[in-house]
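Engineer: Sharing a structure with you now.
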Amino acid sequence: MNPRMRAPLICFALALAGVLYGAPAAGQDRPATAAAQDISLPVKGQHLLPLPGTPTRIAVADPAVADVKILPAAAGRPAAVMLIGKQAGTTEVQVWARGSRTPMAWTVRVAGAVQAELARRGLAGEAQVDVAGAHAVVSGQSQSALAHQNAVAAAAAAVGGQQVVDVATAGPGGVVQVEVKVVELSRSVMKQVGLSMAGSAGGWGFGTRTAPDGFNVPGSIAGRGLLGEGFSLLFDSNDFGATLRLLQSNGMARVLAEPTLVALSGQSASFLAGGEIPVPESGGLGTQNVVFKPFGIGLTVTPTVLSRERIALKVAPEASELDYVNGIPIVNGENTTLIPALRTRRADTMVELGDGESFVISGLVSRQTKASVNKVPFLGELPIIGSFFRGIEYSQEERELVIVVTPRLVRPIARGVSLPLPGERQEQADSLANAWGYYLMGPAGGQQVPGFSR
């Protein structure tokens, strides 16, 4: 090989060997940095950090946020550093102690007046509110949607309603189960028998001045209080089912729907018990389209978990029925089709309840007036004198829609839990065995109910 080429090749080989074998050695000699610990303190607040040895070097990333003061070791007290918060913000502090190649690191968060007040009241949770001039930043995770809302409102108030950057997240809201009961009360029948609904401090009240004839009162309810000859009933929301059965048995109420909806916090759930009617509409260029309109009992609920025991619930019930009296006839050649109208009762409200509490929506009243003519045949149709032989009787039917809503916080069943199926634990007893034989010898035969398995 040419001597002039040999020297550069030897230098290149030595340099390559230094890269391959020297880099790991340098990496092994480089000191490691310990994981940073979080420290929070208010503005003008202090925090003492003990050290394992005398500090030899201190580094502060942003001295405008926090300052460090060295406290030398004294009799019975090791060396330490004092962190002092200067203004709201976040900075990094590293301290090297004598005899240690690994620095100790801390992430110092200095809370401003807004964040300190939220923390004192326990509203923000883990959310951080940082204010810089006319801008505010909300970060971290709040304990609930209500805490997140309070943190954002406090940040907006701190900057005078200026720009607020919200990058925080709210804690998991959970799942809400909403039990709904839609009841239709016949106010006309209740007025005929003298039964009226009235509120009371302890819950609900039903009462009459005179006992109506033919009104059946169950013994469990009648024992709650009779005022003279009248009927009186006072109960709370837990006794609503017993009173509803009382009204149903006397033909004064009927349950239209009793669904149970489950929704995530902040999401909507709805149901419809009814049907759809076809309604023709013009499609242009002489064509017709058919659009289906829903009718029946519908409900849309939107629960939002505010805290562990508080739920904000938006409820939008709707009840519609077909109305052939106000329908529109459509003539197509020799055929006439009657398109019924929809008689609708609708409400929209938002309430805040506790877990398991109930509230009632009422006042959706439907009135229908009917006229019946009673007349003497032939004589009632005569002009002028016919009015003496016929009479017109008007009757008004009133129905009120009552909706009872009960939200509950639910949690899913743990993984791997085996749940019994309906009928799984039932056994078919011997038809000849009596009650004493069942208690003394157990189920006869041990046969299973047909169609079910263990």
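Residue numbering for the sequence shown is -22 to -1, 1 to 432, as defined by mature numbering (1 follows the signal peptide of the UniProt record, and there is no 0). Note that beta-carbon positions come from the ideal geometry of N, C-alpha and C, so glycine has one too.
#1: Might you give, ordered along the chain, the residues of its own chain that have their beta carbon closer than 6 Å to the beta carbon of Leu316, omitting 5 neighbours on each side?
#2: Would you give the residue range spanned by the beta strand (DSSP E) that Ala251 belongs to?
#3: Tell me which residue opens and which closes the beta strand (DSSP E) that Val145 is part of.
#4: Rounded to the nearest angstrom, what separates Asp301 and Glu330 at their Cα positions?
#5: Specify the secondary structure class of Ser243 as computed by DSSP and reduced to three states.
#6: Going by other Cβ atoms of all chains shown within 10 Å of its Cβ, with 16 needed for buried, is Glu378 buried or exposed?
#7: By Cβ distance, which residues of its chain are closer than 7 Å to Pro56, with the 5 residues on each side in sequence left out?
#8: Classify Ser260: buried if its beta carbon has 16 or more other beta carbons within 10 angstroms, exposed otherwise.
#9: Would you say Gln127 and Ala83 are within 9 Å of each other, going by their C-beta atoms?
#10: From the DSSP secondary-structure annotation, give me the bridge partner or partners of Lys348.
#11: What does a CB cutoff of less than 7 Å around Ser18 pick up in its chain, not counting 5 residues either side in sequence?
#12: Just mark Ile289 as buried or exposed, buried being the case when its beta carbon has 16 or more other beta carbons within 10 Å.
#13: Within 10 angstroms of the Cβ of Leu61, are there 16 or more other Cβ atoms? Answer buried if so, exposed if not.
#14: Take Gly5 and list the residues in its own chain whose beta-carbon comes closer than 6 Å to its own, dropping the five residues that flank it on each side.
#15: Excluding the 5 residues preceding and the 5 following Ala241 in the sequence, name in chain order all residues of the same chain whose CB lies nearer than 8 Å to its CB.
#16: Below 8 Å on the Cβ atoms is my contact criterion, and I expect Glu371 with Ser350 to pass it. Report the Cβ-Cβ distance as a whole number of Å.
#17: State the Cα-Cα distance for the pair Val59 and Ser117, rounded to the nearest angstrom.
#18: Tell me which same chain residues have a C-beta within less than 6 Å of the C-beta of Ser373, skipping the five on either side of it?
#19: Mapping DSSP to helix, strand and coil, what is Ile363?
#20: Using only alpha-carbon positions, find the residue among Ala319, Gly229, Gly364 and Ser298 that is nearest to Val257.
#21: How many whole angstroms separate the CB atoms of Val115 and Val143, which I take to be in contact at a CB cut-off of 8 Å?
#22: Hey, Leu163 and Val380: beta-carbon distance below 9 Å or not?
#23: Could you tell me if Glu296 is buried or exposed, where buried requires 16 or more neighbouring beta carbons within 10 angstroms of its beta carbon?
#24: Quick one: measure Cβ to Cβ for Pro33 and Ala75, integer angstroms, because I've assumed they're closer than 8 Å.
#25: Output the residue ranges of the beta strand (DSSP E) runs that lie fully inside the stretch 298 to 328 and measure 3 residues or longer, sorted by chain position.
#26: Can the beta-carbon of Ala251 be found less than 9 Å from the beta-carbon of Gly274?
#27: Given a cut-off of 9 Å on the beta-carbon distance, is the pair Asp40 and Thr68 in contact?
#28: Out of curiosity, what's the CA-to-CA distance linking Ala411 and Leu399?
#29: Can you check whether the CB of Leu124 is closer than 9 Å to the CB of Leu284?
#30: Which word fits Glu54, buried or exposed, when buried means at least 16 other C-beta atoms lie within 10 angstroms of its C-beta?
#31: Who pairs with Pro355 in a beta bridge, going by DSSP?
Structural biologist: Walking through what the data contain:
#1: Locating residue 316 in the sequence shown gives position 338, counting from the first residue. If we look at Leu316 and ignore the five residues flanking it on each side, its Cβ neighbours are Gly305 and Pro307.
#2: Counted from its first residue, the sequence shown places residue 251 at position 273. Residues Ala247 to Gly262.
#3: For the purposes of this step, residue 145 is identified with residue 167 of the sequence shown, where counting begins at 1. Where Val145 is concerned, there is no enclosing beta strand (DSSP E), given that its DSSP letter is neither H nor E.
#4: To locate residue 301, count along the sequence shown from 1; it is residue 323. To locate residue 330, count along the sequence shown from 1; it is residue 352. Taking the straight line joining both Cα atoms gives about 36 Å.
#5: Residue numbering aside, residue 243 sits at position 265 when the sequence shown is read from its first letter. Of the three classes helix, strand and coil, the one that applies to Ser243 here is coil, per DSSP.
#6: Your numbering for residue 378 matches position 400 in the sequence shown. Glu378 should be labelled buried.
#7: For the purposes of this step, residue 56 is taken as residue 78 along the sequence shown, with counting starting at 1. If we look at Pro56 and ignore the five residues flanking it on each side, its Cβ neighbours are Pro28 and Leu29.
#8: Counting from 1 along the sequence shown, the entry for residue 260 is found at position 282. Ser260 should be labelled exposed.
#9: Taking the sequence shown and counting its residues from 1, the one referred to as residue 127 is at position 149. Taking the sequence shown and counting its residues from 1, the one referred to as residue 83 is at position 105. Cβ atoms of Gln127 and Ala83: not closer than 9 Å.
#10: Locating residue 348 in the sequence shown gives position 370, where the first residue counts as 1. Lys348 pairs with Ser373.
#11: In the sequence shown, counting from the first residue as 1, residue 18 sits at position 40. Counting only Cβ-Cβ distances below 7 Å, and skipping sequence neighbours, we find Arg87 and Ala89.
#12: Counted from its first residue, the sequence shown places residue 289 at position 311. Under this definition Ile289 is a buried residue.
#13: Taking the sequence shown and counting its residues from 1, the one referred to as residue 61 is at position 83. Flag for Leu61 reads buried.
#14: Residue mapping note: residue 5 aligns to position 27 of the sequence shown, counting from 1. In this prediction, Gly5 has a pLDDT of 42, which is less than 50 and means its spatial position is unreliable; nothing more can be read from the coordinates.
#15: Translated into the one-based positions of the sequence shown, residue 241 becomes position 263. The residues are Val153, Val154, Val156, Ala247, Val279, Thr280 and Pro281.
#16: Position 393 of the sequence shown, counted from the first residue, corresponds to residue 371. Position 372 of the sequence shown, counted from the first residue, corresponds to residue 350. Contact holds; Cβ gap of about 5 Å.
#17: As a working note, residue 59 is residue 81 in the sequence shown. As a working note, residue 117 is residue 139 in the sequence shown. For Val59 and Ser117, the distance between alpha carbons rounds to 29 Å.
#18: If you number the sequence shown from 1, residue 373 lands on position 395. Within the same chain, Ser373 has close Cβ partners Lys348.
#19: Along the sequence shown, read from residue 1 onward, the residue named residue 363 stands at position 385. Helix at Ile363.
#20: As a first step, residue 257 must be located in the sequence shown, where it is residue number 279. The residue with the shortest Cα to Cα distance from Val257 is Ala319.
#21: Here the question's residue 115 lines up with position 137 in the sequence shown. Here the question's residue 143 lines up with position 165 in the sequence shown. That pair is a contact at about 5 Å.
#22: Taking the sequence shown and counting its residues from 1, one reaches residue 163 at position 185. Taking the sequence shown and counting its residues from 1, one reaches residue 380 at position 402. Their beta carbons are under 9 Å apart, which means Leu163 touches Val380 by this criterion.
#23: Counting from one through the sequence shown, the residue named residue 296 turns up at place 318. Buried.
#24: Here the question's residue 33 lines up with position 55 in the sequence shown. Here the question's residue 75 lines up with position 97 in the sequence shown. About 6 Å separates the two Cβ atoms, so the contact holds.
#25: 313 to 324
#26: As a working note, residue 251 is residue 273 in the sequence shown. As a working note, residue 274 is residue 296 in the sequence shown. Their beta carbons are under 9 Å apart, which means Ala251 touches Gly274 by this criterion.
#27: Counted from its first residue, the sequence shown places residue 40 at position 62. Counted from its first residue, the sequence shown places residue 68 at position 90. Yes. Within cutoff.
#28: Counted from its first residue, the sequence shown places residue 411 at position 433. Counted from its first residue, the sequence shown places residue 399 at position 421. For Ala411, the predicted model reports a pLDDT of 48, less than 50, meaning its position is unreliable; a value from the coordinates is still stated below. One C-alpha to the other measures close to 26 Å.
#29: Reading the sequence shown from its first residue, position 306 is the one you call residue 284. Reading the sequence shown from its first residue, position 146 is the one you call residue 124. Yes. Within cutoff.
#30: Within the sequence shown, the letter at position 76 stands for residue 54. For clarity, residue 54 is Gly in the given sequence; the question names Glu instead. So Gly54 ends up on the exposed side.
#31: Your numbering for residue 355 matches position 377 in the sequence shown. Looking at the DSSP assignment, Pro355 forms no beta bridge with any residue, so it has no partner.
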